[in-house]
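Counted from 1, the sequence shown has number 226 at position 74 by the working numbering; the numbering is strictly sequential.
Cβ atoms here follow ideal geometry from the backbone N, Cα and C, with glycine treated the same way.
The structure under discussion appears below in the form of structure tokens.
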Amino acid sequence: MLTFIDISSGPNSLHRTSEEYNSALPAASLSQLSQSSVVDGQVTSLVELSAKVVAFHIPFEVVEHVCPPVPEQLQLRIAFWSFPENEEDIRLYSCLANGSADEFQRGEHLYKARAVKELLQIGFHLSATITPPQSLSVSKGTCNVAVTFDRCRITSCTCTCTSSASWCSHVVAVCLSRIHQPNHVRLRAPVSESLSRLHRVQLQKFAQYLISELPQQILPTAQRLLDELLSSQQTAINTLGGAPDPTAGASINEQTTWCLDGSTLHENIRKILIKLCVPSPIVFSDVNYLSSTAPPAAAEWSSLLRPLRGREPEGLWNLLSIVREMFHRDRNAIPLLEILTEEVLQCDQLNNLNFHIYSRFCLGGSAQRCHFIWDQVVIVVSSMHSNTHASQHACSSLCDEVVVLWRLAALNPALSPQDRQTLFGQLRCWHIKTLERVWKTRNSSSNATSSIKRADIEVFPGFRPAMEGCLLDGVITQFQELHMLKVEVEDGIALMFMLEQQNHHPLQLLLPMIVTTVAWHVFHLAEGVLLMWAK
Numbered sequence: 153m154l155t156f157i158d159i160s161s162g163p164n165s166l167h168r169t170s171e172e173y174n175s176a177l178p179a180a181s182l183s184q185l186s187q188s189s190v191v192d193g194q195v196t197s198l199v200e201l202s203a204k205v206v207a208f209h210i211p212f213e214v215v216e217h218v219c220p221p222v223p224e225q226l227q228l229r230i231a232f233w234s235f236p237e238n239e240e241d242i243r244l245y246s247c248l249a250n251g252s253a254d255e256f257q258r259g260e261h262l263y264k265a266r267a268v269k270e271l272l273q274i275g276f277h278l279s280a281t282i283t284p285p286q287s288l289s290v291s292k293g294t295c296n297v298a299v300t301f302d303r304c305r306i307t308s309c310t311c312t313c314t315s316s317a318s319w320c321s322h323v324v325a326v327c328l329s330r331i332h333q334p335n336h337v338r339l340r341a342p343v344s345e346s347l348s349r350l351h352r353v354q355l356q357k358f359a360q361y362l363i364s365e366l367p368q369q370i371l372p373t374a375q376r377l378l379d380e381l382l383s384s385q386q387t388a389i390n391t392l393g394g395a396p397d398p399t400a401g402a403s404i405n406e407q408t409t410w411c412l413d414g415s416t417l418h419e420n421i422r423k424i425l426i427k428l429c430v431p432s433p434i435v436f437s438d439v440n441y442l443s444s445t446a447p448p449a450a451a452e453w454s455s456l457l458r459p460l461r462g463r464e465p466e467g468l469w470n471l472l473s474i475v476r477e478m479f480h481r482d483r484n485a486i487p488l489l490e491i492l493t494e495e496v497l498q499c500d501q502l503n504n505l506n507f508h509i510y511s512r513f514c515l516g517g518s519a520q521r522c523h524f525i526w527d528q529v530v531i532v533v534s535s536m537h538s539n540t541h542a543s544q545h546a547c548s549s550l551c552d553e554v555v556v557l558w559r560l561a562a563l564n565p566a567l568s569p570q571d572r573q574t575l576f577g578q579l580r581c582w583h584i585k586t587l588e589r590v591w592k593t594r595n596s597s598s599n600a601t602s603s604i605k606r607a608d609i610e611v612f613p614g615f616r617p618a619m620e621g622c623l624l625d626g627v628i629t630q631f632q633e634l635h636m637l638k639v640e641v642e643d644g645i646a647l648m649f650m651l652e653q654q655n656h657h658p659l660q661l662l663l664p665m666i667v668t669t670v671a672w673h674v675f676h677l678a679e680g681v682l683l684m685w686a687k
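Encoded structure:
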């Protein structure tokens with residue numbers, strides 16, 4: 153069973169299983185609707201159930217275009233169900249943004265201490281004021297929080313406090329209050345809907361009262377907008393139809409994603425990678441082990457097995473498991489994986505260790521004659537009781553897992569050919585960048601034997617397995633149409649392919665493309681898919 157914790161992997165780590173994470177992700181299934189359709193012995197109305205499904209799946213602008221005008225009461229119910237219902241989502245993104253669960257725990261204390269005041273939801277915009285009581289040992293002073301959401305995902309969150317992370321304790325407290333006490337929130341329709349009900353005199357009075365309430369903040373901006381409206385030139389505000397409304401929800405083509413704050417995440421990943429590349433001593437409980445000399449093959453196998461058993465470093469492996477689970481129904485899987493990949497590429501020592509793992513077992517000048525020779529590995533006795541080899545294998549396993557996840561992203565059937573081509577270009581740039589950084593590091597070394605040979609480059613996989621995944625779709629579509637089939641790939645995630653056999657022999661179509669090592673691996677992977685389909 154996979155477990156993941158916060159990125160710090162410290163003593164106060166937040167443990168959660170992958171099953172709990174799956175249950176934390178929003179899903180408007182029929183079973184959930186049936187369970188929520190009976191509240192306090194009363195059957196929920198069909199309008200309420202429909203509003204809940206619409207709030208999860210459909211942008212509000214689509215609703216406005218399909219059945220205008222939408223009754224205000226129905227708008228309120230759709231906006232009501234658009235806020236996420238599970239606090240585990242709040243916990244996850246708070247931990248990702250801050251590196252630990254400390255901010256989430258502070259937010260829980262603020263919520264339980266009733267520090268959240270004046271909860272107001274206007275359309276898809278939630279605002280509140282945080283006033284910590286004197287009993288809590290937190291920073292005093294009032295903070296104003298604003299949260300926007302759409303389709304059960306929080307898209308942005310801001311606070312007037314001094315925290316650098318967007319998911320501060322005040323934002324967490326407001327979200328928890330909205331989740332656990334939804335009936336205590338004042339609901340209002342989007343601002344555009346309210347303004348449409350006003351006539352000219354009321355609109356003028358509204359504008360003047362608004363300016364008089366906050367003259368220092370609003371007056372300069374109001375005058376600038378008036379100048380643009382009254383200008384004889386073709387300004388943007390005069391030529392474009394309609395006006396923006398931050399409370400009206402998402403547009404028709406907008407892809408909604410959770411608000412992911414990666415600034416702190418970059419720094420935490422960088423620190424863990426630096427610590428990973430530094431060998432640390434191993435403490436043995438049996439002192440007689442120090443005087444014993446294990447065979448080279450056994451010592452090498454032990455150094456290879458130890459990081460795989462321990463999943464070191466734990467914080468990054470937990471982050472990778474989160475990315476793997478996000479592939480099911482969270483679009484932030486790719487941005488989160490990009491953050492991790494960028495930090496891995498910036499760590500020259502980690503790239504060198506990963507490259508060294510593959511190159512030191514290569515015999516001859518060709519990748520086809522490369523094989524592992526455990527009995528010929530020379531392990532210096534003075535380094536046998538250190539963590540050097542374990543660190544090398546831990547780095548290599550981590551890099552391999554990153555590439556496996558990118559291959560998953562490339563095999564996503566929802567990707568268009570253009571998106572897959574763009575991803576292939578990005579992966580190719582990362583692969584070349586890795587080789588360039590290793591090349592510069594090896595050339596700057598005074599050791600003449602550290603230079604890179606052609607066989608080393610051929611045997612080093614890098615991002616090639618993920619690049620093969622990008623090419624696989626183009627190969628398969630040449631000799632078969634997509635047909636419903638669930639193909640189980642080695643990582644355990646099921647991907648849907650539409651496969652239908654035609655009269656062309658696969659080899660005849662694949663041979664023109666087998667000009668590089670990447671295309672050769674694509675052929676074998678496609679052949680395996682066909683064999684699985686034939687069974």
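(request) Compare the Cα-Cα distances from residue 296 to each of 555, 320, 494, 391 and report the closest residue. (result) 320
(message) Using the three-state DSSP reduction, which class does residue 296 fall into: helix, strand or coil?
(response) strand
(message) Please return the same chain residues whose Cβ sits closer than 7 Å to the Cβ of residue 263, not counting the five positions on each side in sequence.
(response) 325, 328, 329
(request) Evaluate residue 280 with the Cβ neighbour count: other Cβ atoms within 10 Å of its Cβ, from every protein chain shown; 16 or more gives buried, anything less gives exposed. (result) By the neighbour-count criterion, in which a residue is buried when 16 or more other Cβ atoms sit within 10 angstroms of its Cβ, residue 280 is buried.
(message) Would residue 342 and residue 194 be called neighbours here (beta carbons separated by less than 8 Å)?
(response) no
(request) Report the rounded CA-to-CA distance for residue 421 versus residue 489, giving the unit in angstroms. (result) 12 Å
(request) Please confirm if the segment 304-321 is in contact with the segment 243-254, defined as three or more CB-CB distances below 8 Å between the two stretches. (result) The segment 304-321, when compared against the segment 243-254, does touch it at the 8 Å Cβ threshold.
(request) Can you give me the Cβ contacts of residue 413 inside the same chain, cut-off strictly under 7 Å, excluding the 5 residues immediately before and after it? (result) 249, 317, 318, 319
(message) Nearest by alpha-carbon distance to residue 618: which of 557, 610, 246, 465 is it?
(response) 557
(request) Mind checking which residues open and close the alpha helix (DSSP H) that includes residue 344? (result) Looking at the DSSP string, the run of the alpha helix (DSSP H) that includes residue 344 is 343-348.
(message) In whole angstroms, give me the CA-to-CA distance for residue 411 and residue 303.
(response) 13 Å
(message) Taking only three categories from DSSP, how would you classify residue 280?
(response) strand
(message) Taking the alpha-carbon of residue 417 as reference, which of 573, 621, 487 has the nearest alpha-carbon?
(response) 487
(message) In the DSSP output, which residue or residues are listed as bridge partners for residue 311?
(response) 297
(message) I'd like to check one pair, residue 495 with residue 425: are the Cβ atoms closer than 8 Å?
(response) Result yes, Cβ atoms of residue 425 and residue 495 sit closer than 8 Å.
(request) With a cut-off of 8 Å on the beta carbons, I'd call residue 299 and residue 282 a contact; round off their distance for me. (result) Between residue 282 and residue 299 the Cβ distance is about 12 Å, and since that is not below 8 Å, they are no contact.
(request) Could you spell out the range, first to last residue, of the beta strand (DSSP E) harbouring residue 268? (result) 268-274
(request) Please confirm whether residue 562 and residue 621 have their CB atoms less than 8 Å apart. (result) yes
(request) For the segment 305-312 and the segment 367-384, state whether three or more C-beta atom pairs, one from each stretch, are separated by less than 8 Å. (result) no
(request) Pull up the CB-CB distance for residue 500 and residue 559, whole angstroms please, since I reckon it's below 8 Å. (result) Wrong, their Cβ atoms sit about 24 Å apart, outside the cutoff.
(request) Please report the Cβ distance between residue 261 and residue 288, rounded to the nearest whole angstrom; I am assuming they are in contact, meaning their Cβ atoms lie under 8 Å. (result) 6 Å
(message) Quick check on the burial criterion: 16 or more other C-beta atoms within 10 angstroms. Buried or exposed for residue 389?
(response) exposed
(message) For residue 402 and residue 478, I'd like the C-alpha separation in whole angstroms.
(response) When rounded, the distance between both Cα atoms is 22 Å.
(request) Could you check what DSSP says for residue 697 in three-state terms: helix, strand or coil? (result) Absent from the model: residue 697. The displayed extent of the chain is 153 to 687, so no value can be given.
(message) Please classify residue 533 as buried or exposed, where buried requires at least 16 other C-beta atoms within 10 Å of its C-beta.
(response) Bear in mind that a pLDDT of 34 at residue 533, under 50, signals an unreliable position, so the number given afterwards is only what the model happens to contain. That one is exposed.
(request) Name the residue from 231, 232, 258, 229 whose alpha carbon lies nearest to the alpha carbon of residue 243. (result) 258
(request) May I have a chain-ordered list of the alpha helix (DSSP H) segments no shorter than 4 residues that lie completely inside the segment 357-409? (result) 367-382, 388-391
(message) So, with DSSP's three-state summary, where would you put residue 306?
(response) strand
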